[in-house]
Structure formats: C-alpha cells, structure tokens
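Visitor:
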Amino acid sequence: MGIERTLADRKGRDFCELPKETITNSSKSKKNRRRHKKAPVPPVQTLFETCKDVFVSAAPAVVPPPQDIQNLQSVLDKIKPEDVGLKPDMPYFHTNGSQRRPRITYLHIYECEKFSIGIFCLPPSGVIPLHNHPGMTVLSKILFGTMHIKSYDWVVDFPPETPTTFKPPENGGSEMRLAKVKVDADFIAPCNPSILYPADGGNMHCFTAVTACAVLDVLGPPYSDPDGRHCTYYHNYPFSIFEEGLSIPEEERCAYEWLQERDDKLEDLEVVGKMYNGPKIVEG
C-alpha cells in the first residue's frame, strides 16, 4: 500500500536533486522540440502522394485494387474548398450578360503520365457536355454547390444477335450506339466522391451546374491524344428512335438511350484555364 507513495517520493527527490544545469537543459530541449514541430501536411499534398501510390501501375483499362480506390476516395472525401484555395464568391462562379453561355474555368493542379488532378469551376447553368473517359478510372468530388450528373455505360450484355448499334439515315451522321443510364440525379455537396471505371460506373457523363459549384477531378491515366485517349463528346437520343430487334420491356426503356459522337465545334462549351492558387504540391 505504501509502495506507490514511496516510489512517488523517491521520484520527487531524484528530480529535485538533479543539478540545476540539468533541469535547465531539459527545459530547453522540450522548448526546442515544440519549436521544431512539423507543420501539418496540406490535404492536396496528401492527395498527390496517395495518387502516386494508387496509380503507380496505371495503364489504359487497368483498374487499381479496390483497397487503393477506397483509400483514395477517403482522402478525396476529406478535402474542402478552402484546402484548394476556393471560395464560392470567386469570379469563376459568376456570369455576366455578355456571355452567350456560362464560361467554365479549369484549374490545373498536377499531371504526369500516370494521373492528373484538376478542378472544374462552374457558374450556375454551366454545362460540361456528355463525354467519355477511355480506359480511365476517374474519381470526382463536388467541393460545394449542387450539380446534376447524368452518366451512361455502353450496353454489352445483350445477346450477340441483338443490334446495339445502328446507322441513321444518310444525313444522320455517325453510327449510334446503345447505352444504359447509370445515374440521372442532383448531387448536393457535401456528398461522397463518385467513381467511374473504364467499362462501368458511368464512364460517359454530363455535368450541369444547378448552382455555382466546383468539382475536383482525379484521372488515372489522364487523357492523351498520342496514346489514343482523347475526349469524345456525344449527342444523346431517346430509345424510341430505333427499337427494331430490341426486346426491352416497356417499363425499362427509359433507362436506355442512343449516343452518337459529335463532330460539331462544341459551341455549347467554353472552358478557360486559370492558375491554381491553392497550396502547392511538392514532388519528392
């Protein structure tokens, strides 16, 4: 019963009996440790380091392991607008009467052959038209605002004799291909990051800003024209324009649409690049 008290008394005496110089040096050492405490790692740096690990073997149509995707999703989920230097009142998120269409701003953060990181800033009613991500795994995080997302996957699971493509009349342009709607809904920040894969998860999608909003995008691998990973835009048409040979129940037909590559000049899209002014990424 008295052992604890004796031990405490002994510790007290031992401390008190230390030379004054030793006590002073110990105090200074603690102060130095406090003074040299490492600054916290910026969230965008953590994102960069995680991307390096997740996409270390990035190649077209190669999906990282589920645990790696989950880790990256968790890192993205924690990032806030202020972590990348954004505020809703910035000029990126406003329009003026002289603009024929809302101008979208892209803030480039980082890109290498394995992955890219960037932010799309959309004013209200801003639209990124329907486009694809060939051979890519993409994670998107809405940092603030409300956005409508509509996404599709190509139909590949019908019987072989079922026509899932058709050539419209002579003046109809390129071939049309059947796609299934994966998502068609509004998303309000904060919400979970979305993930799309090379062959599923909504590889083709369209963004429409319901309110001013910002989207943080991670692509692995990034777009690359020399490697055949160029961005293709599409028109979408209702399933009813061509039903021949397709035995889809009436109640399910609203989940299918025909997509056709666009060969116009995308007059409904204007994207400008601006300098990213958030915390800088340090490569090591």
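Quick note: the sequence shown uses the numbering used here, first residue 12, plus one each step. Heads up, the beta-carbon is just placed ideally off N, CA and C, and yes, glycines get one too.
Counting only the same chain and skipping the five closest in sequence on each side, list residues whose C-beta sits under 6 angstroms from that of M286.
Guide: Here the set comprises nothing.
Visitor: Measuring alpha carbon to alpha carbon, tell me which of I120, V52, I115, P76 ends up nearest V229.
Guide: Answer by Cα proximity: I120.
Visitor: Going by C-alpha distance, which of L58, V138, P145 is nearest S235?
Guide: Measuring from the Cα of S235, the nearest candidate turns out to be P145.
Visitor: From what residue to what residue does the beta strand (DSSP E) around I115 run?
Guide: Residues 115-122.
Visitor: What did DSSP end up calling E272 once you bin it into helix, strand or coil?
Guide: Looking at E272 - three-state DSSP - the assignment turns out to be strand.
Visitor: Hey, which unbroken runs of the alpha helix (DSSP H) at 4 residues or more fall wholly within the segment 65-111?
Guide: Correct list: 77-89.
Visitor: In three-state terms, what does DSSP make of P321?
Guide: The structure shown does not extend to residue 321, since the chain spans only 12 to 295, so no value can be given for it.
Visitor: First and last residue of the beta strand (DSSP E) that includes H9?
Guide: Residue 9 lies beyond the stretch modelled for the chain, which goes from 12 to 295, so this question has no answer here.
Visitor: If you run the structure through DSSP and keep just helix, strand and coil, what is K291?
Guide: Coil.
Visitor: Label C242 either buried or exposed according to how many other C-beta atoms from any shown protein chain fall within 10 Å of its C-beta, with 16 as the threshold for buried.
Guide: Result: exposed.
Visitor: Looking only at its chain, what residues have a beta carbon closer than 8 angstroms to the beta carbon of Q56, apart from the 5 residues adjacent to it on each side?
Guide: The answer, listed in chain order, is P290, I292, V293.
Visitor: According to DSSP, which residues form a beta bridge with Y244?
Guide: Its beta-bridge partners are H142.
Visitor: Alpha carbon to alpha carbon, how far is V52 from E254?
Guide: Their Cα atoms are separated by approximately 55 angstroms.
Visitor: Which partner residues does A200 have in the DSSP bridge list?
Guide: Its beta-bridge partners do not exist; DSSP assigns none.
Visitor: If G156 and A210 are in contact, beta carbons under 8 angstroms, what's the gap, nearest whole angstrom?
Guide: That pair is no contact at about 29 angstroms.
Visitor: Are K152 and L87 close, meaning C-beta to C-beta below 8 angstroms?
Guide: Closer than 8 angstroms, so yes.
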